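Remarks on the structure that follows.
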Amino acid sequence: MIRSFTMPRLYYLSVLMGLLLPLASFATSPMDGRWRLDTSRSSALDGWSQWDLVITTDGTRVNLQHDMQWRSTKHTATTTVDTRHSSKVANFFRVEQRHMALYPAKGGLTTVKAAWIDGDRTLRVEADTPIEISQGEENMRIYCEYRLLEGDRSLLLIELHSSRPQPLVYRFTKVTPEN
Amino acid sequence: MRRLIPFILLTVCVALPAAEPARSAFVMRWNLDWNVAGGLPEKAMLLSLQGLANRKSPQFYVIHPPEYQWEITAPLYSFYERKHGVRFTELKTAKAALNQFSNAARGYVVWDPAVAATMNVAFTIAGLEDALVVTPALISTAESHGLKKIDDLRGRYDGKTDAEIYGDAARRYWARCNHDAFMLMGGHAGAVRMPGMADWGVRQRMFFSDLSANPKHAAELALAQKLLSQLNDGATVFGWHSYGKDTEEQWTTLLSGYGLKMEGLHNLPNLSFNCQFTFTPGFKFTNNHHTTPGEKLVAGPKVYLSFVQSDSIGIGVWTKPGRGKLPFAWQVTMNWTKFSPAALEYFHESATPNDYFIGGLSGPGYMYPNHIPAAKFPGLMKEARTLMAELDEQALEIMDNSAADGNVGNADLTKETVDRYYAAFPDVIGFINGYGPARTRDLRDTRPMISYDYYIDPRRPRSEVAADLNELIALNSKRPYFLLVHVRESNDVNSLVEVVKQLDGPVEVVPLDVFLKLAASRKTYTTRYQDPDDPKHFEGYRK
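Order-wise, the sequence lines are chains S and A. Numbering-wise, numbering that gives the first Met the number 0 puts 48 at position 49 of the first sequence, and it's gapless, one number per residue. Numbering-wise, numbering that gives the first Met the number 0 puts 104 at position 105 of the second sequence, and it's gapless, one number per residue.
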């Protein structure tokens, strides 16, 4: 009796948990929040002097908002990625090195794939983005990992370009009311 | 008759042309203390004294420490000794300077350090009334040298805005001021101010201000527009914008709209002295050309890289270690043929075979060509051609940052502007464009127009510079690839030698004239002008 009673309940419970648990993990991520670049421990940021990364998860969608500043000039751009499927993004934000003639191609669409890995502590983003260069247009493959570090107070962004011989490494610190 | 001889001699001396070099002069060595609460008041007084002392002949020169933004004051001092036979006597103190030159002043004008704009008003009065500018603390110093008060600005402008202060000054003095020149005495603002160019403004009786070109400061902007519109054709705005009010881009856009030229910076020293020397007898500019007129070069399957420095050769790289180890193009401030010929001669004299001079910036002075009125463009560029011919220069550098600011906006030329340059400079070997990177590119007959693909910030780690350049080389995969690099002031060439060693691929560093000739031979770059859809940080001004 017990068995016959328990099995269906356990089955439904496990199905329910299977549906809800991933949603719960997407509902709020420890990666959510405002992160401020630690310039002293990061690759040199050319041109920009400040960079806040604001991450918000909304189901399978992750908004990567970049608040950039150089002197009094402020610029905000957001790229939204979806961890369920790849997408075509019109205004994919790449932290442009201010002093290189590499521009987002006019009207270009960037193919973006994203996934949570390492037990949802790393967001992997892969992008194929068209770049305007002096010789015309070229595709740049960008591989990024947003890694949440132990303690959830630090975020590491490693960015690799198909065209660059070394990765760009940026460290962020969580902005909290205390700091 | 004997009694007449001294008079005749005096008359002859006074009648000598201003360009005749003096054989004796005085020099002071200054420190770097420009604090309003420290060394500024005395320096401001001495700058007004310098302008007055140098009115009739070059008498008073200042040497700044090597850390001062203009590093050439000491080398140029030696040049005057060596090439012009000037025998300098050192003045150790302000008192000694006043002992020597106070008779050049008729009195003094008092400014109030608590009301910043009064310093500029005092400089204006100094030029018109032959006055020293003093703070209250320096009144006794001036009076101890027999000088009487001409004006006192204390209290006159308390509680007034800068627009009100300069508006009042314009009503009082503008009509009597020089209308061929305007002194934008801005730059450092706040606790430190550095009016190193004030001697020049006082000597030439200019109107001083740090009026804002920022549209947020509507009243100041309106006054600036009014005054600029009343300057004579061909006039020059000397100095620099206020770091506390607006941007270089805003002021340069503003003055370009009136067809005026900018000559900076606010701390450029000794023009009142330098302007009175001509080139030494027999001197002729001879550039280090690496190609001959009409010579055709053919580019191979390589990356051709060329370095240019354009922040005025008086600043930065020229005096840094390693110059001469790499081919380098230097944008010459062409107007210095009028204001500072000895400095230009010094640069040419000390050039290595790898140093190549080019004209700029955009014309006979610093201007943004997208905003130069079409009717004024040909006349200005005729002046630029004349200066380039005198300086034996065959390439012109153009810059228009009117729509740019940091990462935002663009530094490109409209097609109309490009058309105008090609029409105005039929004999150049080519044009280069930008400051940071830009995208304007063209090739007409044998004259390419190439924009910078990279800008080297001196603070950027050299490993990242090498990585940046390698990334550009990887993405621009057609060969030849023409990689034009702007080297910001205060980089040093030795570090660039190391960067070049880290570059991937068949890279050849070539002089700019060779670069342009090669770029004319194989066009692997696109033709592009400012796209109306390109982001603009600033649209410009309505007159």
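The beta-carbon is built from N, C-alpha and C at its ideal position, and this holds for glycine as well. Since we're looking at a predicted model, the values are computed, not measured.
Beta-bridge partners of residue i, as assigned by DSSP
i	result
residue 408 (chain A)	A:403
residue 34 (chain S)	S:52, S:173
residue 127 (chain S)	S:110, S:140
residue 28 (chain A)	A:62
residue 449 (chain A)	A:431
residue 208 (chain A)	A:183
residue 115 (chain S)	S:122
residue 329 (chain A)	A:308, A:356
residue 40 (chain A)	Answer by DSSP bridge pairing: none, since residue 40 (chain A) is not bridged.
residue 132 (chain S)	S:135
residue 455 (chain A)	A:486
Chain S residues whose Cβ lies nearer than 9 Å to that of residue i
i	result
residue 281 (chain A)	Correct list: empty, because the minimum Cβ distance to chain S is about 43 Å.
residue 480 (chain A)	133, 134
residue 535 (chain A)	None at all; the shortest Cβ gap to chain S is about 13 Å.
residue 497 (chain A)	Chain S residues near residue 497 (chain A): none, gap ~16 Å exceeds 9 Å.
Proximal residues of chain S, C-beta to C-beta of residue i below 7 Å
i	result
residue 473 (chain A)	162
residue 454 (chain A)	98
residue 188 (chain A)	Ordered by position in chain S, no residue passes the 7 Å Cβ test against residue 188 (chain A), which lies about 14 Å from the chain.
residue 524 (chain A)	133, 134
residue 319 (chain A)	Chain S residues near residue 319 (chain A): none, gap ~19 Å exceeds 7 Å.
residue 477 (chain A)	134
Beta-carbon neighbours of residue i, restricted to chain A and to distances below 8 Å
i	result
residue 105 (chain S)	530, 532
residue 49 (chain S)	Those within 8 Å of residue 49 (chain S) in chain A number zero; the least Cβ separation is about 12 Å.
residue 156 (chain S)	Here the premise fails: no neighbours, minimum Cβ distance about 16 Å.
Cα-Cα separation, residue i to residue j
i	j	result
residue 92 (chain A)	residue 276 (chain A)	26 Å
residue 60 (chain A)	residue 24 (chain A)	8 Å
residue 279 (chain A)	residue 299 (chain A)	43 Å
residue 339 (chain A)	residue 274 (chain A)	5 Å
residue 56 (chain A)	residue 93 (chain S)	58 Å
residue 305 (chain A)	residue 482 (chain A)	7 Å
residue 332 (chain A)	residue 151 (chain S)	54 Å
residue 157 (chain A)	residue 114 (chain A)	7 Å
residue 95 (chain A)	residue 72 (chain A)	21 Å
residue 375 (chain A)	residue 410 (chain A)	21 Å
residue 87 (chain S)	residue 138 (chain S)	14 Å
residue 372 (chain A)	residue 22 (chain A)	44 Å
residue 480 (chain A)	residue 66 (chain S)	34 Å
residue 322 (chain A)	residue 111 (chain A)	45 Å
residue 364 (chain A)	residue 84 (chain S)	55 Å
residue 161 (chain A)	residue 382 (chain A)	35 Å
residue 21 (chain S)	residue 114 (chain S)	Residue placement at residue 21 (chain S) is flagged as unreliable, the pLDDT there being 46, under the threshold of 50; a coordinate-derived value is accordingly withheld.
residue 509 (chain A)	residue 109 (chain S)	36 Å
residue 134 (chain A)	residue 448 (chain A)	51 Å
residue 538 (chain A)	residue 203 (chain A)	34 Å
residue 54 (chain A)	residue 271 (chain A)	7 Å
residue 218 (chain A)	residue 168 (chain A)	14 Å
residue 70 (chain A)	residue 356 (chain A)	19 Å
residue 461 (chain A)	residue 435 (chain A)	17 Å
residue 103 (chain A)	residue 201 (chain A)	12 Å
Partners in chain A for residue i, counting only beta-carbon separations shorter than 7 Å
i	result
residue 137 (chain S)	474
residue 45 (chain S)	456, 459
Partners in chain S for residue i, counting only beta-carbon separations shorter than 8 Å
i	result
residue 463 (chain A)	42, 43, 45
residue 466 (chain A)	163, 164, 165
Neighbour list for residue i in chain A, Cβ cutoff strictly below 9 Å
i	result
residue 159 (chain S)	Residues of chain A passing the Cβ test: none, with the nearest at roughly 12 Å.
- Touch check for the region 213-230 of chain A and the region 64-84 of chain A: three-plus C-beta pairs under 8 Å? The region 213-230 of chain A, when compared against the region 64-84 of chain A, does not touch it at the 8 Å Cβ threshold.
- Between the region 95-109 of chain A and chain S, which residues of the former have a C-beta closer than 7 Å to a C-beta of the latter? Answer set for the region 95-109 of chain A: empty.
- Item | Residues within the region 139-151 of chain S neighbouring chain C, beta-carbon criterion of under 9 Å | Of the protein chains in this structure, namely S and A, none is chain C.
- Message: Against chain S, which members of the region 296-312 of chain A pass a CB distance test of less than 7 Å?
- Response: The residues in question: there are none.
- Query: Any chance the region 182-190 of chain A sits against the region 236-244 of chain A, with 3 or more Cβ pairs inside 8 Å?
  - Reply: With a cut-off of 8 Å on Cβ pairs, the region 182-190 of chain A is in contact with the region 236-244 of chain A, counting three or more such pairs.
- Message: Any C-beta of chain A within less than 9 Å: which residues of the region 113-131 of chain S qualify?
- Response: Per Cβ criterion, the list reads 130, 131.
- Query: Below 8 Å, can you find three or more Cβ-Cβ pairs linking the region 491-501 of chain A to the region 523-533 of chain A?
  - Reply: Counting Cβ pairs under 8 Å, fewer than three are found: no touch.
- Item | Residues of the region 423-440 of chain A with Cβ closer than 9 Å to any Cβ of chain S, in chain order | Under the 9 Å Cβ criterion, the region 423-440 of chain A contributes 433, 435, 436, 437, 438, 440.
- Query: Between the region 422-439 of chain A and the region 506-520 of chain A, do three or more beta carbon pairs fall short of 8 Å?
  - Reply: The region 506-520 of chain A and the region 422-439 of chain A touch, with three or more beta-carbon pairs separated by less than 8 Å.
- Task: Note down, in chain order, all residues in the region 32-43 of chain S with a beta-carbon under 9 Å from any beta-carbon belonging to chain A.
- Result: If the cut-off is 9 Å between Cβ atoms, the region 32-43 of chain S has 42, 43 near chain A.
- On the three-pair Cβ rule with 8 Å, is the region 143-157 of chain A touching the region 220-238 of chain A? The region 143-157 of chain A, when compared against the region 220-238 of chain A, does not touch it at the 8 Å Cβ threshold.
- Task: State whether the region 27-37 of chain A contacts the region 120-133 of chain A, with contact taken as three or more CB pairs (one from each stretch) at a distance under 8 Å.
- Result: In short, these stretches do not touch, since the Cβ pair count stays below three.
- Task: Evaluate contact between the region 156-164 of chain S and the region 456-475 of chain A, counting only Cβ atoms and requiring at least three cross-stretch pairs below 8 Å.
- Result: Because the criterion of three Cβ pairs below 8 Å is met, the region 156-164 of chain S and the region 456-475 of chain A touch.
- Item | Positions along the region 116-132 of chain A whose CB lies within less than 7 Å of some CB in chain S | For the region 116-132 of chain A, the beta-carbon criterion of a distance under 7 Å to any beta-carbon of chain S is satisfied by none of its residues.
- Task: Tell me, please, whether the region 253-261 of chain A touches the region 350-368 of chain A by the rule of three or more beta-carbon pairs shorter than 8 Å.
- Result: Between the region 253-261 of chain A and the region 350-368 of chain A there are three or more C-beta pairs closer than 8 Å, enough to call the two in contact.
- Item | Given 8 Å, three or more beta-carbon pairs between the region 417-428 of chain A and the region 452-462 of chain A | At 8 Å Cβ cutoff, the stretches do not touch.
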